[in-house]
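Colleague: Below are the structure tokens for one structure; questions will follow.
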Amino acid sequence: MIKFPDKRKIIIALFVLTLILLMINIILTKIYPDAIKKEPDYLPPQEIKERFLSALASLGIQNDWISEGKLTKKFPSTLKYYFRIKVPEDLPISLVIKEVENSFNDNEAVINSQEEKVNGKNFIKIFSDGDLVFQAQIDYGDTIKRNTGKIGIFLSNFENVGEPEDSILLSAAELFTVILIPSEKNVLTYKKIMKFGKATAILLNDDVNDTNFKLGSSVSEQRIKNSVKEIFSKFPAASMFFIDKNSELSSSSVFKLISNEFIKRKVELLDKGLVKDVSSSLSENIEEKFEKEIKKLKNNDSLLLSLEASDYFKIQPIIVKYRKIGYKFVNASEIIAD
């Protein structure tokens, strides 16, 4: 009778062989990384050109700052496109190059995108199948500027954001101001915000109900003075104060007294109407409303926008998009000061 090998031994042998082949592959990868690298897919020069121009547009570079040069005999015969680009001084050329590089995947026809300096000039060269097919000269233009504006963002109802979302939000590198209505709960919220170094603004409206902060015609004159004093005591680093002009408090008989208490402290009580609320509605989501307001912004103008704190991360991609174009997202107090 023919004796067959033990199945268990066969399985073990195959397993060991697999491990050996895997180790050989890892070793070869480290010794000859270029030898086993996947060959890049071919990308037509026209596609390279379109992606390049799209990258420029995403940075707010206008069409009249871009000119296509004539190909002469001094260029390699493989070159299909040559451009001259002017960029404003607030846009680092290194950032332009990075944006172009990010427009192509590693496995595409673009082998590399590089910056060279020849006689003080900056060049981007893009290769396909080893041939130079696209070249651009990039220089700063002394008189050109991108269409820019300043936007200050306020976040409302921050106290309703739970853990750990509130800490994640406060850890964000973006600049924003948290609007707080005076209350004992918001004293704790304020302290947490201060630990993260974010700005706060205080809003006076009909929702100020806690005893230590209570305002309104039903409260005595001395009580109102004490309430204002308590507000300044418990929120000492608030960067600005607002009054809701649509509130009953604003039209009450005691509002003049409240205003005088702020005047005594040389603090301006601002109209909340200065801030455009773009919170989500049934007909329009936050992303649509936020971007619509930014698009209305004229060159060098400024804008104050307010939204629910819980919606902030929804608008972050829009902030990134418009910052690349040249818009500045600043602390709201900077816009108020202007």
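Under the working numbering, the first residue of the sequence shown is numbered 737, with each subsequent residue one higher. For glycine and all other residues, C-beta sits at the position ideal for the given N, C-alpha and C.
1. Out of PHE788, LYS857 and VAL1056, point me to the one whose CA is closest to TYR817's CA.
2. With DSSP as the reference, label ILE1072 as helix, strand or coil.
3. Alpha carbon to alpha carbon, how far is GLN782 from LEU827?
4. Among the residues of its own chain, which have a CB less than 7 Å from the CB of ASP942, if the five just before and after it don't count?
5. Please state the DSSP three-state secondary structure of GLU787.
6. Tell me the rounded alpha-carbon separation between PRO918 and GLY796.
7. At which residues does the alpha helix (DSSP H) containing ARG1059 begin and terminate?
8. Mark SER839 as exposed unless 16 or more other C-beta atoms lie within 10 angstroms of its C-beta, in which case mark it buried.
9. Could you tell me whether the segment 883-902 touches the segment 1043-1056, where touching means 3 or more Cβ pairs closer than 8 Å?
10. Hey, quick one: how far does the beta strand (DSSP E) through THR936 stretch, first residue to last?
11. Going along the chain, which residues of its own chain have a beta-carbon closer than 7 Å to the beta-carbon of VAL897, five neighbours each way excluded?
12. DSSP three-state label for GLU1027, please.
13. How should GLN871 be labelled, buried or exposed, when 16 other C-beta atoms within 10 angstroms of its C-beta is the threshold for buried?
14. Label TYR778 either buried or exposed according to how many other C-beta atoms from any shown protein chain fall within 10 Å of its C-beta, with 16 as the threshold for buried.
15. To the nearest angstrom, report how far apart ASN962 and VAL944 are at their CA atoms.
16. Nearest by alpha-carbon distance to SER995: which of LYS1012, GLY1009, ILE979 and LYS1028 is it?
17. Between the alpha carbons of ALA771 and ASP867, how many angstroms are there, rounded?
18. Figure out for me which residue from ILE829, ASN1035, LYS981 and GLU966 has the closest Cα to the Cα of GLU920.
19. Let's test the definition: count the other Cβ atoms within 10 Å of the Cβ of SER913 and tell me whether it reaches 16, buried, or not, exposed.
Modeller: Walking through what the data contain:
1. Answer by Cα proximity: PHE788.
2. If DSSP states are grouped into helix, strand and coil, ILE1072 belongs with the helices.
3. The C-alpha of GLN782 lies about 26 Å from the C-alpha of LEU827.
4. Hits under 7 Å: SER983, GLU984 and LEU985.
5. The sequence given here places Arg at residue 787; Glu does not occur at that position. Three-state DSSP puts ARG787 in a helix.
6. Cα to Cα, the separation comes out at about 42 Å.
7. ARG1059: member of the alpha helix (DSSP H) spanning 1048-1061, first to last residue.
8. By the neighbour-count rule (16 or more Cβ atoms within 10 Å), SER839 is buried.
9. The segment 883-902 vs the segment 1043-1056: in contact.
10. Looking at the DSSP string, the run of the beta strand (DSSP E) that includes THR936 is 935-940.
11. The residues are LEU905, ALA1045 and SER1046.
12. When DSSP states are grouped into helix, strand and coil, GLU1027 belongs to the helix group.
13. When all chains shown are included, GLN871 counts as buried.
14. Exposed.
15. Here the alpha carbons of VAL944 and ASN962 stand approximately 14 Å from one another.
16. Nearest Cα to SER995 within the set LYS1012, GLY1009, ILE979 and LYS1028: ILE979.
17. Only weak support is given to the placement of ALA771: the predicted model assigns it a pLDDT of 47, under 50, and the question is left unresolved by the model.
18. Residue GLU966 is the option with its Cα nearest to GLU920.
19. Note that residue 913 corresponds to Thr in the displayed sequence, not to Ser. With 16 or more Cβ atoms within 10 Å of its Cβ, THR913 is classed as buried.
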